[in-house]
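Q: Chains as they are written, first to last, in the UniProt record's numbering: chain A, 1 to 440; chain B, 1 to 440.
Here a beta-carbon is modelled for each residue, glycine too, at the ideal position from N, C-alpha and C.
Just so we're clear, the structure is a prediction, and the values are computed from it rather than from any experiment.
First, the structure itself, so that you have it in front of you.
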């Protein structure tokens, strides 16, 4: 058998420990599949003494993870530290500059610095791989970059954040409110102490921007993602969506927009109403799912565990096996974003006004006569046609009621205009909530 | 840009024409992704004069497809002729022996001769790829072989035949009987004039045996697949399954069996009852879906179009892009079945008797007193515990009624024994139908 692939591990949190456990548990079959053993030689983390439930004694320790890639006995560094900048980025840069391959699960770093790192990797002719950065254990980066490589991708969308999906599923099952379910998720370790990145859609936006770059040959534009989270959702929204035949899911969606002179990129993370008969409506708990629509393949769906140490380790080690197989004969791994960074297109942010669709709009209003007339008049004046309207009797708080409606198919700009007309109205007790309805 | 990858196409049916259309339509983006153009140089088919809706004049014509791989101007041959033996196999052998890569969509040939061809390809150090042979446009071979490569796969199962799934969905939607729906599917071109391969489960068994080899590192054992089709299903079965909370799907399932001294391989294609809340219950029409359960990844689901010229061409060209990317720098493609043929394990056929589960058993019986008592006595004597029983009043034909039951969890061997006890009973008007119930 050929020489082992020698691995250095930066970061020994739950995923790092998972990678060690996986490489131990499945060592024999991985060596058969990769054509050679995968062997950890060096490790680094912030705290050397912490008990991680795995034996670290066989591995060389480095206090400074940044220099792991400079060790002569290392072929590839696995970065599992996290954070878009700081030690993770420094470690990634030194590794590639030292001519070593880099595998990372760091979505924030790739969303912010992926193009710089990929350009460096292409010029150094080393692999940069990040399957674990998007949708945990699901091989969706590979699915898009290789499996669907023959297609012009027309749209990519999916459920990209397991924490949000877990919270939404729980709200659905229990009828409880967001804050309540979040608190429980935090207590049980399913959500971070500071849940902002997850519940405000930022984590999903990181992942979406990476998928969009690969799918559309576009330069990553994380700042161009129109991002909203799930923290404003109420139990009543879930209930009303259900009565109309929908579940609510946080959907990240990207598609190219060819309506102008220059192709633009539409990227949005937003809770959507998903019809019961759509495959994504059946994605529950911490599961993730990604749909890619190709011009020849049609709709491809990839689904699986979106987080957790086992699934994430599975994706990290799949990248390592790819590298081991390729480097066996000096083969190249190819451009990290499918086409070389220099050929990725800088696509402007698509205007959303001309997009059409059906929307769910929910108002919190003062419980007094005339409010409904005021809202429906604004809708009429803005040209929004209302398909159905539900006025909930139950007061959410003293003197407040919820009014929810579903619009007919129409331009998003009309709904925006209606809300503008209502801005500042004393009838509204808080800002309205708009969610798009996912088409078939 | 690097030299083109030069392709010869053997077989110009709908998929062959689809490959030509795809390579024309998406030429620019494919060249960007592959790092070089993909260029068809030569073609061959049975009938040169037939109009296929694509312009064949740019390509050299060979009357004999077997020698395509021997042409100096060809790097890779795409075999789309079909049939397990004959010209397809001859073409595959000569191509690999000539040191050229082979891409094929031919599940029958891979199921029967895949090991021989893979051994030849490994020794010639050329690529043998067959993504399109399983589940059409879904990159599930890649998903298993590479995406899930870090995992011991514990089970692989799914909906592998689009024709059967289309027929079952139609039966569900219309309440019509099998023969009736099949006839319509044939008239509309969704089913072959001779539908045996599809409706009797043989096509699904071909695909399952290929997936099992990759998932479990086993030598392909098509003959070891326990195969049943959907032709004995009646509208009443669909209706009764529905009333119990299930849909019926033709499921191919494989898993290793470690209960004996030597590991064995369980492979079965059979209609199953699938609970409404299972992801596979929502796979309708000609869609395919494959679930792989890894020891670290957990459950992965791959879903998409299982047939059709566009999706199949998408898979064929994905293989070509892989080859173009790899051969760019002399990289190897790796073992076609993930581990080298010489290391694949010859696993015996698993005995099914000790398997446990819940089953649906349907009897066609004479409409006279005592029959139900006779059946339930046999069940009792064989140790089968009945969870629910439906006796349909409606006579399917004169003097015949259907009795369907669902058993409690128990050994499959007990059900087999009960049916043996009833064998030859004049009460039964035809052989009973047994379907397993898919667990969560």
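For residue 253 of chain B, which of helix, strand or coil comes out of DSSP?
A: DSSP places residue 253 of chain B in strand when its eight states are reduced to three.
Q: With a floor of 3 residues, list each beta strand (DSSP E) that falls wholly inside the segment 101-166 of chain B, ordered by position along the chain.
A: Counting only runs of 3 or more, we get 101-104 and 153-159.
Q: Considering only the alpha carbon of each residue, which of A/254, A/292 and A/303 lies closest to residue 311 of chain B?
A: Here the closest residue by C-alpha is A/292.
Q: Under 8 Å Cβ to Cβ from residue 299 of chain A, same chain only, skipping five residues before and after it: list those, please.
A: Same-chain partners within the cutoff: 291, 292 and 293.
Q: Does residue 404 of chain B pass the burial test, meaning 16 or more other C-beta atoms within 10 Å, or should it be called exposed?
A: With 16 or more other Cβ atoms within 10 Å, it is buried.
Q: Should residue 86 of chain A go down as buried or exposed, given a rule of 16 or more other Cβ atoms within 10 Å for buried?
A: It counts as exposed.
Q: Suppose the cutoff is 7 Å on Cβ atoms and the five residues either side in sequence are ignored; what does the same chain contact list for residue 89 of chain A look like?
A: Within the same chain, residue 89 of chain A has close Cβ partners 109 and 113.
Q: So, helix, strand or coil for residue 218 of chain A, using DSSP?
A: Residue 218 of chain A: strand per DSSP, three-state reduction.
Q: Quick one: is residue 457 of chain A near chain B, going by C-beta distance under 7 Å?
A: Because chain A here runs from 1 to 440, residue 457 of chain A falls outside it and cannot be looked at.
Q: To which residues of the same chain is residue 329 of chain B closer than 7 Å at the C-beta, ignoring the five residues directly before and after it?
A: Confidence at residue 329 of chain B is low in this model, with a pLDDT of 40, below 50, so its placement is unreliable and no value can be given for it.
Q: Counting Cβ pairs, one atom from each stretch, are 3 or more of them under 8 Å apart for the segment 10-23 of chain B and the segment 37-44 of chain B?
A: Result yes; three or more Cβ-Cβ pairs closer than 8 Å.
Q: So what does DSSP say about residue 431 of chain B, is it helix, strand or coil?
A: Looking at residue 431 of chain B - three-state DSSP - the assignment turns out to be strand.
Q: On a CA-only basis, which of B/204, B/280, B/14 and B/352 is nearest residue 133 of chain B? Give me that one, please.
A: Measuring from the Cα of residue 133 of chain B, the nearest candidate turns out to be B/204.
Q: Taking 6 Å as the line, does the beta carbon of residue 422 of chain A fall inside it for any heavy atom of the ligand MN?
A: Absent from the structure shown: the ligand MN. Ligands present: none.
Q: For residue 60 of chain A, which residues from the same chain have a beta carbon less than 7 Å from its beta carbon, with the 5 sequence-adjacent residues on both sides left out?
A: Once the five neighbours on either side are set aside, the close Cβ partners of residue 60 of chain A are 41 and 42.
Q: Anything in chain A within Cβ reach of residue 138 of chain B, meaning under 7 Å, just list it in chain order.
A: Those within 7 Å of residue 138 of chain B in chain A are 300.
Q: Can you check DSSP and say which residues form a bridge with residue 268 of chain B?
A: B/226 and B/253.
Q: Along the alpha helix (DSSP H) that carries residue 197 of chain B, what are the first and last residues, could you check?
A: 196-199 is the span of the alpha helix (DSSP H), which, as asked, contains residue 197 of chain B.
Q: Hey, is residue 296 of chain A's beta-carbon within less than 7 Å of any beta-carbon in chain B?
A: Yes, its Cβ sits closer than 7 Å to a Cβ of chain B.
Q: Please go through the UniProt domain "ACT" (360-436) of chain B and give each complete alpha helix (DSSP H) segment of 4 or more residues, from N-terminal end onward.
A: Qualifying alpha helix (DSSP H) stretches, in chain order: 371-382 and 412-422.
Q: For residue 72 of chain A, collect the residues of the same chain with a Cβ closer than 8 Å to its Cβ; drop the 5 residues on either side in sequence, then sort them by chain order.
A: Closer than 8 Å at Cβ, skipping near neighbours: no residue.
Q: Report yes if the CB atom of residue 10 of chain A is closer than 7 Å to the CB atom of residue 49 of chain A, and no otherwise.
A: Against a cut-off of 7 Å, the Cβ pair of residue 49 of chain A and residue 10 of chain A comes out as no contact.
Q: Excluding five sequence neighbours on each side, which residues of the same chain lie with their C-beta closer than 7 Å to the C-beta of residue 119 of chain A?
A: Cβ within range, chain order: 341.
Q: Could you check whether the Cβ of residue 162 of chain B sits closer than 7 Å to any Cβ belonging to chain A?
A: Output row for residue 162 of chain B: interface = no.
Q: Applying a beta-carbon distance threshold of less than 8 Å, which residues of chain B neighbour residue 218 of chain A?
A: Within chain B, no residue comes near residue 218 of chain A; the closest Cβ sits about 12 Å away, beyond 8 Å.
Q: Could you tell me whether any Cβ in chain B is nearer than 7 Å to the Cβ of residue 343 of chain A?
A: It does: the Cβ of residue 343 of chain A has a partner Cβ on chain B nearer than 7 Å.
Q: Determine the chain B residues that contact residue 338 of chain A at a beta-carbon separation under 7 Å, and present them in chain order.
A: Going along chain B in sequence order, the residues near residue 338 of chain A (Cβ under 7 Å) are 33.
Q: Tell me whether residue 209 of chain B sits in a helix, a strand or coil according to DSSP, three-state version.
A: Helix, per DSSP.
Q: Compare the C-beta of residue 262 of chain A with all C-beta atoms of chain B and state if any pair is closer than 7 Å.
A: It does not; no Cβ of chain B falls within 7 Å.
Q: Compare the beta carbon distance of residue 417 of chain B and residue 382 of chain B with 7 Å and say whether it is the shorter of the two.
A: Closer than 7 Å, so yes.
Q: Taking the alpha carbon of residue 78 of chain A as the point to measure from, which residue in A/317, A/359 and A/384 has its own alpha carbon closest?
A: Nearest of A/317, A/359 and A/384 to residue 78 of chain A, Cα basis: A/317.
Q: To the nearest angstrom, how far is it from the Cα of residue 101 of chain B to the Cα of residue 76 of chain B?
A: Distance between the alpha carbons of residue 101 of chain B and residue 76 of chain B: 5 Å.
Q: Determine which residues share a DSSP beta bridge with residue 70 of chain A and list them.
A: In DSSP, residue 70 of chain A forms no bridge with anything.
Q: Identify the continuous beta strand (DSSP E) that holds residue 287 of chain B and give its terminal residues.
A: Here the beta strand (DSSP E) through residue 287 of chain B covers 287-294.
Q: Please name the residue in A/122, A/29, A/151 and A/135 whose C-alpha comes closest to that of residue 29 of chain B.
A: Of A/122, A/29, A/151 and A/135, the residue nearest in Cα terms is A/151.
Q: Could you tell me the alpha carbon to alpha carbon distance between residue 409 of chain B and residue 251 of chain B, rounded to whole angstroms?
A: Distance between the alpha carbons of residue 409 of chain B and residue 251 of chain B is about 19 Å.
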